[in-house]
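The structure under discussion appears below in the form of structure tokens.
2 protein chains.
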Amino acid sequence: MLNYKAPTSLDRMFAAMADPARRAMVDRLARGPASVSELARPLSISLPAVLQHLAVLESCGVVRSEKVGRVRTCQIEPKALKTIEDWIAERRLMWEQKLDRLGEYLAQQEQDDGGTA
Amino acid sequence: MLNYKAPTSLDRMFAAMADPARRAMVDRLARGPASVSELARPLSISLPAVLQHLAVLESCGVVRSEKVGRVRTCQIEPKALKTIEDWIAERRLMWEQKLDRLGEYLAQQEQDDGGTA
DNA sequence: CTTATAGTTAAGCATGGACTTAAGTATTAG
DNA sequence: CTAATACTTAAGTCCATGCTTAACTATAAG
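In order, the protein sequence lines correspond to chains A and B. Under the working numbering, residues 4 to 120 are what the first sequence spells out, in order. Under the working numbering, residues 4 to 120 are what the second sequence spells out, in order.
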């Protein structure tokens, strides 16, 4: 129990998206709401497995669902997707801006040199 | 061996980013290149563990490294980050555009009704 | 040559994740 | 009431992942 770290929501969002079945579900839901069986149909796994994937997607906030009668309808939660997107984008842009500044610096150096061999 | 699916690079990129130690490494590398020991310093795990994380990041293309003398220097590969970003963004935007069109439709309906109770 | 530095490889353990089947509950249709 | 539908829960298996320690290699410095 010592040295235990609770997984952050970012941990769990990335882990959620790492599974192809779950990405297929998210992909389907991007096209609009769907029931559990609709999500299951194109997947070659058992319904309980789909339920487990759904639980993972819900517990990290990527999907939301509500049950009406005997049908559970699922939806994407775009804010969660944005969170993932932003984490990646921030790091990528930080790196690319560094590269840009390096490029400018090198161009400036070349100019200062004035075409010296 | 039946029904085996090789993990796609997307599977492996998301899985790579799901680990907090690996995200810390990417975060550090976003600020510029670093050696293995520099990557290890802020992490409370053994060097071999860091090497293993690095192998994961390299095998999915998120990080590139090169060894000169006895020092291995690591860099972010922004294209790989963009791939992850794009996958998420596509689905999120698809969903949000659907919501927008729904909004427009409802607004139109209201106008057509002309304030009927 | 000798020691310190920087990284690497191997082996083994512990945990968690993805599936499955079997059995059960709640709704709706006939 | 009876049966079909749509999901749910439980239990157990199997494999991948993350980590550790121990031992080793290659380079650089004294």
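Every residue, glycine too, gets a C-beta built ideally from N, C-alpha and C.
Between the Cα of Ala33(B) and those of Glu80(B), Ser62(B), Met97(B), spot the shortest distance and give me the residue it belongs to. Looking up residue 33(B) in the second sequence gives position 30. Residue Glu80(B) is the option with its Cα nearest to Ala33(B).
Since Leu13(B) and Ile91(A) are thought to touch, with beta carbons under 8 Å apart, how far apart are those beta carbons, to the nearest angstrom? Residue 13(B) sits at position 10 when you count from the first residue of the second sequence. Residue 91(A) sits at position 88 when you count from the first residue of the first sequence. Not confirmed; about 13 Å, so no contact.
Would you identify the three-state DSSP class for Thr11(A), choosing helix, strand or coil? Residue 11(A) sits at position 8 when you count from the first residue of the first sequence. In this structure, Thr11(A) counts as coil in the three-state DSSP scheme.
Can you look up Glu69(B) in the DSSP assignment and give me helix, strand or coil? As a working note, residue 69(B) is residue 66 in the second sequence. DSSP places Glu69(B) in strand when its eight states are reduced to three.
C-alpha distance - Val71(A) paired with Cys77(A), whole-angstrom precision: Numbered from 1 along the first sequence, position 68 holds the residue referred to as residue 71(A). Numbered from 1 along the first sequence, position 74 holds the residue referred to as residue 77(A). The straight-line gap from Cα to Cα measures roughly 11 Å.
What are the residues in the stretch 28–46 of chain A lying within 8 Å of chain B by C-beta distance? Val29, Asp30, Leu32, Ala33, Arg34, Gly35
C-alpha distance - Arg75(A) paired with Met16(B), whole-angstrom precision: Working through the first sequence from its first residue, we reach residue 75(A) at position 72. Working through the second sequence from its first residue, we reach residue 16(B) at position 13. The straight-line gap from Cα to Cα measures roughly 31 Å.
For Arg75(A), the first and last residue of its enclosing beta strand (DSSP E): Position 72 of the first sequence holds residue 75(A). Residues 74–79.
Which residues DSSP lists as bridging Ser38(A), in chain order: In the first sequence, the residue the question calls residue 38(A) occupies position 35. BP columns for Ser38(A) point to Thr76(A).
Between Glu18(A) and chain B, is the shortest Cβ-Cβ distance under 9 Å, so that the two count as touching? If you number the first sequence from 1, residue 18(A) lands on position 15. Rather than Glu, the amino acid found at residue 18(A) in this sequence is Ala. Yes - at least one Cβ of chain B is within 9 Å of the one on Ala18(A).
Arg26(A) in three-state terms, based on DSSP: Looking up residue 26(A) in the first sequence gives position 23. Helix.
So what does DSSP say about Ala21(A), is it helix, strand or coil? In the first sequence, counting from the first residue as 1, residue 21(A) sits at position 18. Three-state result, Ala21(A): coil.
Check whether the Cβ atoms of Leu46(A) and Met28(A) sit closer than 9 Å, and answer yes or no. Position 43 of the first sequence, counting from 1, holds the residue named residue 46(A). Position 25 of the first sequence, counting from 1, holds the residue named residue 28(A). Yes, these two residues count as a Cβ contact at 9 Å.
Sequence-distant residues of the same chain with beta carbon closer than 8 Å to Arg25(A), five excluded per side: Within the first sequence, residue 25(A) is the residue found at index 22, counting from 1. Within the same chain, Arg25(A) has close Cβ partners Ala19, His56, Val59, Leu60.
Closer than 8 Å, Cβ to Cβ, to anything on chain B: give me those residues from the stretch 75–89 of chain A, in chain order. Ile79, Pro81, Leu84, Lys85, Ile87, Glu88
Does the distance from the C-beta atom of Pro36(A) to that of Thr11(B) stay below 9 Å? Within the first sequence, residue 36(A) is the residue found at index 33, counting from 1. Within the second sequence, residue 11(B) is the residue found at index 8, counting from 1. Not a contact, by the Cβ cut-off of 9 Å.
Compute the distance between the beta-carbons of Val65(B) and Leu50(B), then report whether it is under 9 Å. By 1-based counting over the second sequence, the position of residue 65(B) is 62. By 1-based counting over the second sequence, the position of residue 50(B) is 47. Going by C-beta atoms, Val65(B) is not nearer than 9 Å to Leu50(B).
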